[in-house]
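The opening residue of the sequence shown carries number 118 in our numbering; numbering runs sequentially from there. Virtual Cβ for every residue (Gly too), placed ideally from N, Cα, C. Treat the numbers as computed from the prediction; the structure is a model and nothing was measured.
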Amino acid sequence: MASPPEPPVFDRTPIDPMVPCVARVRRRRRDAPQVWTLDIEVDDGDGTKNFPFAPGQFNMLTVFGVGEVPISLSGDPAQARLPRPYSACRRRGIRCAHTSWSGRPGRLARPFGAGWPMTEAAGRDVVIVAGGLGLAPLRPALYQLLAGRARYGKIVLLYGARSPDDILFRRELESWRRRLDIEIEVTVDHATSAWHGHVGVVTTLISRADFDPPHAIALVCGPEVMMRFAITALHHARLDDQSIYLSMERNMKCAIGFCGHCQFGTVFVCRDGPVFRHDRVRNLLSLKEI
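Structure below.
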């Protein structure tokens, strides 16, 4: 049997975040009524088109004359060095991530932030808990987990959306479910009679999931209130704080810790995160205002 492919190795050479590269949106896809995925082609200026990133990182995208916004990288990291677009995902409410992007040139800086602990996940069960748009920054981790499937134990994806129409990446969810080597459960907050799946908040699925708590790691992303309840449910399932990782998203503006908008206690979400191990931000998450 052929050995599974090695995970991609990313160049960690420091890159000046103030030196962006030119990019163009090649394709827009509406994944939900208010959510678009953008396929973006990068030109490094030397004829190459690649944009290596690690699962969980984000990017700052600028449309000339419109504005700048942090956007989750949601494509496949293994494809980032090939001459093809990568994907970013954002809600429609951000103007420069919607119609103003259509076919227009813009710029993007290199990937920012700490990503998901893919190395630490090797050899362990992996529980992914996603709420709403939180599935977007988790999708690259799923790509990498499934590409090197033999390296991990059980893989469980628990995903919650507001309604069936709000489910992201529906085709991929169906494709992954057909693999039979990943457990996928999807729930919605409310649905019509046409929906035959779970109804309720995603955190209720954690107690039913099949994984070995002492040998599991959890990756969680979604609205902050959902993540708080997910942590409680994971604790009840006997996961400790050192095995729970969260992706935060608090008012990021500059991506390099200068503006202070995303200060979270003693850390900055853009510079020190967005992925944090729970024990690092546990006391901060218990506060309503910081």
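Identify the continuous beta strand (DSSP E) that holds residue 138 and give its terminal residues. 138-149
Given a cut-off of 9 Å on the beta-carbon distance, is the pair residue 175 and residue 187 in contact? yes
Residues that residue 422 bridges to, as DSSP identifies them: The shown model of the chain, from 118 to 407, leaves out residue 422, and the question about it has no answer.
Is residue 312 helix, strand or coil by DSSP? coil
Residue 399 - DSSP class collapsed to helix/strand/coil: helix
Where residue 391 falls: helix, strand or coil (DSSP): strand
Minimum length 3: unbroken beta strand (DSSP E) runs contained in the stretch 246-290: 272-278
Taking the straight line between their C-alpha atoms, what separation do you get for residue 228 and residue 155? 16 Å
Using 8 Å as the threshold, is the stretch 274-287 in touch with the stretch 371-389, meaning 3 or more CB pairs across them? no
Which partner residues does residue 229 have in the DSSP bridge list? 175
C-beta contact flag for residue 256 and residue 192 at 9 Å: yes
Assuming residue 236 is part of the beta strand (DSSP E), what are its boundary residues? Careful: residue 236 lies outside any beta strand (DSSP E), inside the alpha helix (DSSP H) at 235-238.
Tell me the rounded alpha-carbon separation between residue 367 and residue 353. 27 Å
How about residue 314 and residue 249: are their beta carbons less than 9 Å apart? no
Only counting the same chain, and skipping five residues up and downstream in sequence, which positions put a Cβ closer than 8 Å to that of residue 300? 271, 272, 273, 274, 326 and 327
For residue 295, which of 179, 268, 317 and 263 has the nearest alpha-carbon? 263
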